[in-house]
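Numbered per the numbering used here, the sequence shown spans residues 5 to 422.
The C-beta atom is built at its ideal place from N, Cα and C for all residues, glycine as well.
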Amino acid sequence: MSSPSAPPDSLRSTIGYESAIECTWDVIIVGAGVAGCATAILAAKSGLKVLLVESKSFPREKVCGGCLNVRAQDALRRLGVDHELQAAGSVRLSELHVQVKAVGHIWPIPSLLSVRRSTLDTILVRRAIECGADFLQNTTAVLPAEHGQVHDLMEVELRCCEGLQSSDPLSQFKPKAAQARCLVIAAGLNRSALRLQRDWPSDIAPDSRIGVQSLVSLESLSESAPELHGMLDSNRGRLHMLSSHHGYVGICLTDGDLIDFAAALDPKRVSSAGGIGPAVCEILEECGIKTHRAFADCHWMATSLLTRTSKIVAKPGVFLVGDALGYIEPFTGEGMSWALDNAEMLAPNLVRIVQDPRTKDQAVRDWEVYVQKQRRFRHRICRWVAKQARHPTRSQWVVQACHWIPGFRTRILKKAVQ
């Protein structure tokens with residue numbers, strides 16, 4: 005298969021490592037994904053001195069279905085990046101094809117927007133820089149085990165990674181402490197910024213699946229998997245969700261004329277099938293789509309176990325946002341929608357803390373209440389769908405019920421994609 009189209013242009017850090025260490029920051033944000041970037045944009049627009057830290061070099065791909073639902077699109081419009089997303093070639097999706105083995109239907113849906121994470125996150129980082137945030141990539145950040153505070157400041161250890169120029173070559177091995185009034189952990193499922201896991205425990209579901217993704221050029225499928233190519237090329241505005249016993253696969257066109265294959269898989273099945281590619285092929289073939297083992301040579305990215313919940317969501321001056329708070333499974337852009345909502349809710353608290361450090365304890369309580377409500381109400385539909393997806397026979401009946409009862413289908417789709 006041909007390699008994916010080139011990612012967006014590279015980004016440069018706006019500040020050097022030594023300069024970042026010497027500054028005192030209102031907020032240090034760890035992770036330049038959707039949650040981290042959105043928080044950086046809103047905090048910088050509010051006048052805070054913001055450092056956005058990213059361990060990788062931009063642009064970088066990230067495991068994600070890449071579908072923005074209506075709520076996420078509205079939030080991105082408020083952040084001022086909607087025109088950039090359109091110009092980048094994002095793809096409108098107006099139909100949903102759901103297939104559980106032999107049972108499948110196609111329904112109209114509120115418009116989703118498909119975009120690669122390398123494209124979306126690069127646009128968001130640029131917007132954060134425009135709003136006044138500093139961006140430091142190829143750098144990891146760690147909250148010290150005992151983060152003492154002096155004059156309402158905390159220390160955050162920054163470590164140069166490979167690829168970042170430094171006047172001291174050894175500095176990449178020597179973490180140095182920057183000072184900040186607030187720290188936001190937006191590093192997704194990667195909790196390395198929280199050094200002592202026992203101080204920030206999380207529950208991982210015993211039946212959790214792993215997330216995987218591959219970006220494949222549409223043209224390459226015409227020879228390696230002609231049936232699959234025909235299905236995708238016949239309607240480029242359709243999102244395909246294919247499910248079996250061992251997981252499910254989401255497939256859609258995205259920017260760069262690429263096909264985004266994103267899946268949640270049983271890790272035991274991945275092992276017994278001989279890898280991610282064969283496991284994905286099994287699901288598609290169980291749904292009646294011949295793949296001819298087209299994914300044997302694809303480059304697959306993978307996550308750790310997906311379904312988890314952080315027991316602690318904040319401590320004075322330190323807040324978890326986005327997937328760092330917890331995750332269920334990937335459904336039609338809900339993860340990115342929640343991340344953007346997190347940013348809008350957290351930014352005012354950060355401003356209040358900077359203006360009056362005495363509000364730190366109240367900000368923690370407010371964040372705990374907000375997260376609890378979000379988990380109780382907005383995560384409900386995802387939990388329900390994830391539960392059904394583990395039982396194909398039950399899932400087939402749910403799909404048929406959605407087809408037979410439009411009101412039932414509309415209610416589910418409204419909660420899932422709006």
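- DSSP, read as helix, strand or coil, puts T295 in coil.
- Inter-segment contact for the region 71-88 and the region 323-340 is present: three or more beta-carbon pairs are separated by less than 8 Å.
- Segment contact: the region 220-229 against the region 63-74, fewer than three CB-CB distances shorter than 8 Å; contact not assigned.
- Annotation: the continuous alpha helix (DSSP H) that includes I287 extends over I280 to E290.
- In this structure, the beta-carbon distance from I208 to L246 does not fall below 8 Å.
- M245 is bridged by DSSP to V102 and G254.
- Residue pairing of A209 in beta bridges, as defined by DSSP: absent, with no partner found.
- The C-alpha of K66 is placed about 13 Å away from the C-alpha of S308.
- Annotation: the continuous beta strand (DSSP E) that includes T307 extends over M305 to L309.
- Setting aside the 5 residues that flank it on each side, G84 is surrounded in the same chain by R131, each with a C-beta closer than 7 Å to its C-beta; the list follows chain order.
- Within the same chain, Cβ atoms closer than 8 Å to the Cβ of V95 are found at L117, S118, V119, R240, G241, C256, L257, T258 and D259, the five residues on either side in sequence being excluded.
- By the CB criterion at 8 Å, V368 and A191 fall outside the cutoff.
- Around the Cβ of A137, a 10 Å sphere holds 16 or more other Cβ atoms; the residue is buried.
- One Cα belongs to D270, the other to S212, and the distance between them is close to 7 Å.
- Here DSSP, grouped into helix, strand and coil, assigns S94 to coil.
- Annotation: the continuous beta strand (DSSP E) that includes D138 extends over D138 to L140.
- With fewer than 16 other beta carbons inside 10 angstroms of its own, R297 counts as exposed.
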